[in-house]
Structures are given as C-alpha cells and as structure tokens.
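Chains as they are written, first to last, in our numbering: chain A, 1 to 128; chain B, 1001 to 1242. Structure first, then comments.
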Ligand code: SF4
Ligand code: FES
C-alpha cells in the first residue's frame, strides 16, 4: 500500500482491522471465562467418562447450555479464524497462495461453525 | 583485554551472501562496541563499513544488531557482553555494505505520518503555550532519535515491510498527543490503515531495542486506543477550519 497516497483523502475512522482488534480483545476475555467454566464443569466436576449421550441430552434439554456452547463456539471459531487470517496476511505474500489459504480457512471454519451451531440449535434427544 | 568480535561482512561488489569474519582486538572492558569497530577498521581492515557520527548516543546512526539485539554500538560496553561479540546489520532493511543499511524506506514512512506541527491557527506573537501536564503527555516520544532499532527488531515488520513500523508511530504519537497540534485526523487516517498500527502484534521487541528507553509498545497502544475511541464516539461535526 502506498502510504503517501493517503495524504489527499483520509479514510473515515473504523474499518476491518480496527474492529478486528477490538473483537480479539473482547472475545479473548469472554472466552477465558467461558472456557474455564466449561473446563471446570466437564473435566473437574464431571469426569470425562461420565459424559455420555444421556448426559448431553439432559444438558441440552434447556436453552442455557445450548446458548453457552453456541456462544463459546462462535467466539472461539471467529477468534481463531481471525488470528489465522492475520498470520496468513503477515506471512503468505504471493497473492494466489494467500487467496487459497484464506479460502481454505474460511470454508473450513464456516463448515465447522455450521456443524457445531446445527447441533447446539437443533439437537433433539432420541430416547432409547 | 583481548576481544573476539565477529562481524557480518557484505561487499556488494564481491559477495553474493554476507559472511561472518572474526577479528581479535585489544581494548579495555569499559570500551564500547563502537571502539571495537574502530579498532578493527583502523588496525585490521580499513574496508569495514559502518555509520557513526556523534559516538555518544545522540545521533542514532550506529544502530546494529549486537549479540542478537538491536543496540547503538556507542552505548554498549564490552564488559556487558558475552564473547565472541556478534555484530550484524539491523534486519529488514536492504544491506548497502557491511553494517550499513538502506534507510530510505524508513524515512519515507517517517514522512508519511507528517511528523511536524500541523496548525491552521495564525502564529501567535510569542510561543504557543502549553501547561506542564499537556507537555508531559507526549514527553516519552519526544526522545526518539530515529535510529531505526525498534522498526528493525519488529517481527511484524520483518514479515511485511509495508508495515509503517514502530518508529513512525512513535513520531506520530509525539504530535497526536501534543495539545498545540491539529493534525490528529490526518495522522489517524494514515495509522488506521491495515499497514498502520494494526500490524503491531504487541511483541515488545521495539521497547527492548529502543536505546532511548521509550515505551514504544505503550505509545503504539495509546494510538490504537485513540483510534478505537474515535470510532466508537457518536459522530460530531468536524472542527471548522478556515
Ligand atoms: S523509538 Fe527508540 S528505537 Fe525507535 S527509532 Fe526512536 S530512538 Fe530508535
Ligand atoms: S554514533 Fe551517534 S548514536 Fe551512536
């Protein structure tokens, strides 16, 4: 980018990079709390081998844990994806490779996000 | 004392790649790396090229990487360094010869942030007054001597030389937070680009490198916060200028 070309027309405040920076800070803080809560509940209070289909089904009977998980999923995916986007921007210079890397990143993250969100939103327990 | 010093030499007319060469010189432990370079140049190999002017940490011309860290050769004592002392040019700028790097791009970026007082007010008859507190606000960043140690210690700059770099941001900070200056909007627009402050990843190498002890990362952070504040404040009519 030609820095001197910006002399004539200062861009208005805001912009992707600014909001990305703000988002990383806020989501980082929220994730700290959410992930610690998740860790305490799923690994300390309940042992991993207690966690079964039935456990998840009871947990997902109400909306609280669905919302909790969905929020954590969205924040974590976007936070991680944005971090990877920044790394790619920094280190992958050839335009084609950069586009490819970003494409793979967005598609991969979008897919995982959709999959996880689908479960958190539409999970219906099947009794057996 | 006997001192072993290794210098990364590069002569564009002969060498394809820079190469390390070792020299042994006799010096006092309280001598500086600059004295060691002088000893090499004056008594061993007159073709060694490096910049220096004041020899007292003021002009900022002898920034180089000494034992892996950016320092001014005239400010580092030999007794404080592990031997052999390794001296190489600052990273990220093209090497012209030996320890001399091409700083043209560095000064282009410096100029791009408009490092001078911008004011549309008519010049007063005397000084433009400022309270001690207003002066204190940007005291730290007035100390910059434009040596380039911060910018060339920054991994983000190594990765992408489009980044305007810590030194230019320090210089912008010096005016942005000056109560007499009115160029904040113009400078903010430049620093708000993708190649501006947002390329800073808070690595703190710049703060370690600065020979003037400027809190470089903090200054960059203050500019970031200012930009966020400006973006989240409800819009108000721009200040009228005539
Ligand atoms: S901020 Fe410090 S390291 Fe950077 S150019 Fe100025 S004096 Fe040198
Ligand atoms: S020679 Fe001037 S700062 Fe070192």
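We treat Cβ as the ideally placed atom computed from N, Cα and C, and that holds for glycine.
Residues that residue i contacts on chain B, provided the C-beta gap is smaller than 7 Å
i                    : result
residue 14 (chain A) : 1231
Inter-residue CB distance, residue i and residue j (contact presumed, cutoff 8 Å)
i                      : j                      : result
residue 113 (chain A)  : residue 72 (chain A)   : At roughly 12 Å, the Cβ-Cβ gap does not stay under 8 Å, so residue 113 (chain A) and residue 72 (chain A) are not in contact.
residue 1187 (chain B) : residue 1204 (chain B) : Contact doesn't hold; Cβ gap of about 23 Å is too wide.
residue 27 (chain A)   : residue 75 (chain A)   : 5 Å
residue 1216 (chain B) : residue 1206 (chain B) : 4 Å
residue 143 (chain A)  : residue 59 (chain A)   : Since the first residue of chain A shown is 1 and the last is 128, residue 143 (chain A) is not available in this structure.
residue 1169 (chain B) : residue 1191 (chain B) : 7 Å
residue 1119 (chain B) : residue 1182 (chain B) : 5 Å
residue 1076 (chain B) : residue 1021 (chain B) : Their Cβ separation, rounded to whole angstroms, is 20 Å, which puts residue 1076 (chain B) and residue 1021 (chain B) out of contact at 8 Å.
residue 1151 (chain B) : residue 1107 (chain B) : With a Cβ gap of about 11 Å, residue 1151 (chain B) and residue 1107 (chain B) do not count as contacting.
residue 1085 (chain B) : residue 1040 (chain B) : With 8 Å as the limit, residue 1085 (chain B) and residue 1040 (chain B) do not qualify as a contact, their Cβ atoms being about 11 Å apart.
residue 1171 (chain B) : residue 1094 (chain B) : Not confirmed; about 22 Å, so no contact.
residue 1089 (chain B) : residue 1099 (chain B) : 5 Å
residue 1087 (chain B) : residue 18 (chain A)   : Not really, about 40 Å apart at Cβ, beyond 8 Å.
residue 1148 (chain B) : residue 1157 (chain B) : Not quite, the Cβ-Cβ distance comes to about 10 Å (not below 8 Å), so this is no contact.
residue 1035 (chain B) : residue 1050 (chain B) : Wrong, their Cβ atoms sit about 12 Å apart, outside the cutoff.
residue 1212 (chain B) : residue 1143 (chain B) : 4 Å
residue 1078 (chain B) : residue 1027 (chain B) : 6 Å
Minimum Cβ-Cβ distance from residue i to chain A less than 7 Å
i                      : result
residue 1194 (chain B) : yes
residue 1005 (chain B) : no
Contact set between residue i and chain A, taken where Cβ atoms lie within less than 7 Å
i                      : result
residue 1156 (chain B) : 90
Chain A residues whose Cβ lies nearer than 8 Å to that of residue i
i                      : result
residue 1198 (chain B) : 17, 18, 20 and 21
residue 1228 (chain B) : 18, 21 and 22
Under 9 Å by beta carbon: chain A residues contacting residue i
i                      : result
residue 1160 (chain B) : 89, 90, 91 and 93
residue 1224 (chain B) : 18 and 21
Cβ of residue i within 7 Å of any chain B Cβ
i                     : result
residue 126 (chain A) : no
Distance cut-off 6 Å: residue i Cβ against heavy atoms of the ligand MN
i                      : result
residue 1049 (chain B) : The ligand MN is absent from the structure shown, which contains only the ligand SF4 and the ligand FES.
**Prompt:** Which residues count as close to the ligand FES when the rule is a CB under 6 Å from any of its heavy atoms, in chain order?
**Reply:** B:1052, B:1053, B:1054, B:1055, B:1057, B:1058, B:1059, B:1060, B:1061, B:1062, B:1072 and B:1074
**Request:** Quick one: which residues of the segment 44 to 69 of chain A get their C-beta closer than 9 Å to a C-beta of chain B? List them in chain order.
**Result:** For the segment 44 to 69 of chain A, the set of positions with a beta-carbon nearer than 9 Å to some beta-carbon of chain B is empty.
**Any heavy atom of the ligand SF4 nearer than 7 Å to the CB - residues listed** = B:1060, B:1063, B:1143, B:1144, B:1145, B:1146, B:1147, B:1148, B:1149, B:1150, B:1151, B:1166, B:1167, B:1170, B:1206, B:1209, B:1210, B:1211, B:1212, B:1214 and B:1216
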